[in-house]
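Visitor: Numbering (our numbering), first residue to last: 1052 to 1271. The structure under discussion is supplied below as structure tokens; questions concerning it will follow.
Pasting the structure below:
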């Protein structure tokens, strides 16, 4: 009996720019939506001092800035992948749609957290769980692109980004587990993302460059 041929998904270049444009538009809208919960604070109390508003609603502003930076970091990481590929497959496209789903959902738990009396479970778990979905989707995207050379631009090395995605999803997973098992910590486990990001970048570039087949090739 002859072996069953391995199925390989079709690779499409046409429409790749539209996929990138869709991503940028969705992220831009998601970031814009973040500001809505805090813009109403000024109109709710006309004539109030700006510093008084900042002090009274400090939790809302802190949550806003954290979420803004989180979405920006997610977009930068995703952009790093799509900068180095030139096409897509149906599995990559649908995984990217899952990533976009997480991005558009983030403003909801952010609004809940900024309006709630505390950031403890389950509010914190929903927030961190959404980040886990986004980082896991990006990890799968990197895996697909890494294992499909036809998607990659010439003279690029996806290994640093792939290793960084692995580290990111592991640290976010640990943060999610802590928000569930130690609920009184609230969002404090997210502080793990700082050393996680540093470690992921360090391991990515050191290990990635070490295993790059062309020592003279430089990442863009």
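Idealized CB from N, CA, C, for every residue including glycine.
#1: Name the two residues that bound the continuous alpha helix (DSSP H) containing residue 1065.
#2: How should residue 1271 be labelled, buried or exposed, when 16 other C-beta atoms within 10 angstroms of its C-beta is the threshold for buried?
#3: Near residue 1118, what residues of its chain come up, given a Cβ to Cβ distance below 8 Å and the 5 sequence neighbours on each side ignored?
#4: Leaving out five residues before and five after residue 1092 in sequence, what residues of the same chain have Cβ atoms less than 8 Å from its Cβ?
#5: List in chain order: all unbroken beta strand (DSSP E) runs of 3+ residues lying wholly within the stretch 1108-1185.
#6: Grab me the residues of residue 1217's own chain with a C-beta within less than 7 Å of its C-beta, minus the 5 sequence neighbours each way, in chain order.
#7: Is the beta carbon of residue 1220 less than 9 Å from the beta carbon of residue 1250?
#8: Would you call the CB atoms of residue 1061 and residue 1140 closer than 9 Å?
#9: Sorted by chain position, which residues of the same chain lie with C-beta nearer than 6 Å to residue 1137's C-beta, five sequence neighbours on each side aside?
#10: Out of 1229, 1223, 1202, 1147, which has the shortest C-alpha to C-alpha gap to residue 1181?
#11: Compute the beta-carbon to beta-carbon distance between residue 1230 and residue 1240, rounded to the nearest angstrom, for a pair I have assumed lies under 8 Å.
#12: At what residues does the alpha helix (DSSP H) containing residue 1206 begin and finish?
#13: With a threshold of 9 Å between beta-carbons, can residue 1234 be considered close to chain E, or not?
#14: For residue 1070 and residue 1102, I'd like the C-alpha separation in whole angstroms.
#15: Closest to residue 1235 by CA distance: which of 1173, 1196, 1202 is it?
#16: Between residue 1135 and residue 1207, how many whole angstroms is the CB-CB distance? I'm expecting something under 8 Å.
#17: Let me know the secondary structure DSSP gives residue 1252 once reduced to three states.
Guide: To lay it out plainly:
#1: Taking the first residue of the chain shown as 1, we reach residue 1065 at position 14. Taken as a continuous stretch (DSSP letters only), residue 1065 belongs to no alpha helix (DSSP H), as it is neither H nor E.
#2: Indexing the chain shown from 1 puts residue 1271 at position 220. Summary for residue 1271: the model assigns pLDDT 38, below 50, so the residue's position carries little reliability, and this model does not support an answer.
#3: Taking the chain shown and counting its residues from 1, one reaches residue 1118 at position 67. For residue 1118, where only same-chain residues beyond five positions count, the Cβ hits under 8 Å are 1085, 1157, 1158, 1161.
#4: For this step, residue 1092 is matched to residue 41 along the chain shown. Residues of the same chain with a CB within less than 8 Å of the CB of residue 1092, apart from the 5 flanking positions on each side, are 1104, 1108, 1111 in chain order.
#5: Within the stretch 1108-1185, no beta strand (DSSP E) run of at least 3 residues lies entirely inside it.
#6: Locating residue 1217 in the chain shown gives position 166, counting from the first residue. Contacts found: 1190.
#7: Locating residue 1220 in the chain shown gives position 169, where the first residue counts as 1. Locating residue 1250 in the chain shown gives position 199, where the first residue counts as 1. Cβ atoms of residue 1220 and residue 1250: not closer than 9 Å.
#8: Indexing the chain shown from 1 puts residue 1061 at position 10. Indexing the chain shown from 1 puts residue 1140 at position 89. Between residue 1061 and residue 1140, the C-beta gap is smaller than 9 Å, which places the two residues in contact.
#9: Here residue 1137 refers to the residue found at position 86 of the chain shown. So the qualifying residues of the chain are 1204.
#10: Taking the first residue of the chain shown as 1, we reach residue 1181 at position 130. Checked all of 1229, 1223, 1202, 1147; the closest Cα to residue 1181 is 1223.
#11: Walking along the chain shown from the start, residue 1230 turns up at place 179. Walking along the chain shown from the start, residue 1240 turns up at place 189. 5 Å between Cβ atoms; contact.
#12: The count along the chain shown starts at 1 and reaches residue 1206 at position 155. Where residue 1206 is concerned, there is no enclosing alpha helix (DSSP H), given that its DSSP letter is neither H nor E.
#13: Chain labels in this structure do not include chain E; a single protein chain is all it has.
#14: On the chain shown, residue 1070 is found 19 positions in, with the first residue counted as 1. On the chain shown, residue 1102 is found 51 positions in, with the first residue counted as 1. The straight-line gap from Cα to Cα measures roughly 42 Å.
#15: What you label residue 1235 is simply residue 184 of the chain shown in a count that begins at 1. Out of 1173, 1196, 1202, 1173 has the C-alpha closest to the C-alpha of residue 1235.
#16: Taking the first residue of the chain shown as position 1, residue 1135 is located at position 84. Taking the first residue of the chain shown as position 1, residue 1207 is located at position 156. Contact between residue 1135 and residue 1207 holds: CB atoms are separated by about 4 Å, below the 8 Å threshold.
#17: Locating residue 1252 in the chain shown gives position 201, counting from the first residue. Annotated three-state conformation of residue 1252 is helix, per DSSP.
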